[in-house]
Amino acid sequence: MKLIDLFEAQERIISIVGMAKNAGKTVTLNHLIESFDENGFRVGITSIGRDGERTDIVTKTDKPMIFVKKGTLVATSEMLFNLSESKMEILEVTDYQTAMGRVIIGKALTEGFVQVGGPTTNSEVRMICEKMCAIGADFVLVDGALDRTSSASPAITDACILSTGAVISRDMYKTVDLTAFKASMFSLESIDDPMLLSAWEMAEASGKPVLVESDGKVVPLSEVVTAIGSGKLIADQIAEETVAVLIPGALVTQTLKDVISVNKSLQWVVADATRLFIDYKDWLYFKRVGLKINVRYGMQIKAVTANPYSPQGYYYDSESFVSELQSKIVGIPVFDVMA
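Heads up: the sequence shown begins at 32 in our numbering, then just goes up one per residue.
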């Protein structure tokens, strides 16, 4: 099975999220651009942040550039639009502003390299993607910048790919474990309990956490502006009847630790996995004590792509890397796009 065969017709907006810089995200993006083009699909591309430059701005190492085919739609900032090596036709100059000018939607008239710098907010990225679909893109690829896993949010994209690579660690098994951890977070199940769904509407509308009791009663935490730094305040409101905590914003490790010191059996619900800020070791601890975390909006993680090479000069055995990843990440196909 090929990577592009994994996507359903309704999964038109696809994000590629990297575990780290140089994990193979741009290689994955180029692979998809070429594969969709070869199969007769028109592609649009954009990014949260900047990508496509010849030299990595952070590591100062050479990196793959984004190569587009004739007819590809590109949404990028004015400054980067003018740096495109592909000849571009302007289709729309939008009102969305970036640090490098307004976002322009263009069409590639020739093959060539481009740099992509799209909007910086989730809602604007989604609207830009929908504009490209309306113009004629069959699929839109969103290149998530460093540490911007928000591009994988179902509020923005219909499906996502997680890119991992040797750059994460010289220890292949550590890289595998960290990737499996991230994939498990992206695969958290969405709630279907009518009681929790109804309570979520209240939490989402207010933008503040709520508690849910066993009889369905919803207890708004109106004094809690954000869950960050409010773990003890939330813990103080936990009653014997409390069965769930719904957090419409970010959920961090310390908040969880503060509350589970009072009650470990609560069910936690966040909007989606991009709202969770928990590191690997803490995640293992929470799983060990039986913590239950679900999401309101499930993410469709379609594949993991593996890059066995690191810009630092070391590499993994490709076959072993893919095999170890596949053994730890059940139900999600793994591809070596460098092969």
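Glycine residues also receive a C-beta, built at the ideal position from the N, C-alpha and C atoms. Note that the coordinates shown come from a computational prediction; the quantities given were computed from them, not determined experimentally.
Distance, Cα to Cα, residue 148 vs residue 288? 38 angstroms
Roughly how many angstroms lie between the CA atoms of residue 357 and residue 363, to the nearest whole one? 8 angstroms
Which residue wins for smallest C-alpha separation from residue 181, given the options 48, 123, 76 and 216? 48
Boundaries (first-last residue) of the alpha helix (DSSP H) holding residue 98: Note, residue 98: premise wrong, no alpha helix (DSSP H); beta strand (DSSP E) at 97 to 99.
Go to residue 63, then tell me how far its alpha helix (DSSP H) extends in each direction, as first and last residue. 56 to 69
Where do the ends of the beta strand (DSSP E) carrying residue 128 lie? 119 to 129
Assess contact between the stretch 160 to 178 and the stretch 315 to 323, defined as three or more Cβ pairs (one per stretch) separated by less than 8 angstroms. Is contact present? no
For residue 79 and residue 217, the rounded distance between their alpha carbons: 19 angstroms
Residues bridged to residue 133 (per DSSP): 128
Straight-line Cα distance separating residue 106 from residue 136: 4 angstroms
At 4 residues or longer, what runs of the alpha helix (DSSP H) sit wholly inside the stretch 288 to 328? 311 to 319
Tell me which same chain residues have a C-beta within less than 7 angstroms of the C-beta of residue 114, skipping the five on either side of it? 146
Boundaries of the beta strand (DSSP E) in which residue 276 is found, first to last residue: 273 to 278
Can you check DSSP and say which residues form a bridge with residue 194? 49 and 336
Does the stretch 265 to 272 come into contact with the stretch 248 to 255, if we say contact requires no fewer than three beta-carbon pairs (one atom in each stretch) closer than 8 angstroms? yes
Could you check if residue 40 is buried or exposed, using at least 16 other CB atoms within 10 Å of its CB as the buried criterion? exposed
From residue 355 to residue 204, what distance separates their C-alpha atoms? 8 angstroms
Tell me where the alpha helix (DSSP H) around residue 237 begins and ends. 225 to 237
Under 8 angstroms by Cβ, that's how I've got residue 213 and residue 50 pegged, so tell me the actual separation to the nearest angstrom. 6 angstroms
Same chain, Cβ closer than 8 angstroms to residue 235, five either side skipped, listed in chain order: 279, 302 and 327
In terms of residues, what are the limits of the alpha helix (DSSP H) holding residue 354? 349 to 359
Suppose you measure from the CA of residue 359 to the CA of residue 144; what does that come to, to the nearest Å? 36 angstroms
Please list, in chain order, all residues of the same chain as residue 75 whose beta carbon is under 6 angstroms from its beta carbon, the five residues on each side excluded. 104, 163, 168 and 171
Taking the alpha carbon of residue 346 as the point to measure from, which residue in 55, 60 and 286 has its own alpha carbon closest? 55
Do residue 226 and residue 243 have their C-beta atoms closer together than 8 angstroms? yes
By a C-beta neighbour count over all protein chains shown, 10 Å radius and 16 as the cutoff for buried, is residue 77 buried or exposed? buried
Which residues does DSSP pair with residue 244 in a beta bridge? 273
Return no unless some Cβ of chain C is closer than 8 angstroms to the Cβ of residue 353. Structure shown: chain C not included; a single protein chain is present.
If you count every other CB in all the chains shown that lies within 10 Å of the CB of residue 92, and 16 or more means buried, which is it? Only weak support exists for where residue 92 lies, its pLDDT of 48 falling under 50; the value from the coordinates is given anyway. Exposed.
For residue 352, collect the residues of the same chain with a Cβ closer than 7 angstroms to its Cβ; drop the 5 residues on either side in sequence, then sort them by chain order. 203, 337 and 339
When you compare only the Cα positions, how much space is there between residue 367 and residue 330? 22 angstroms
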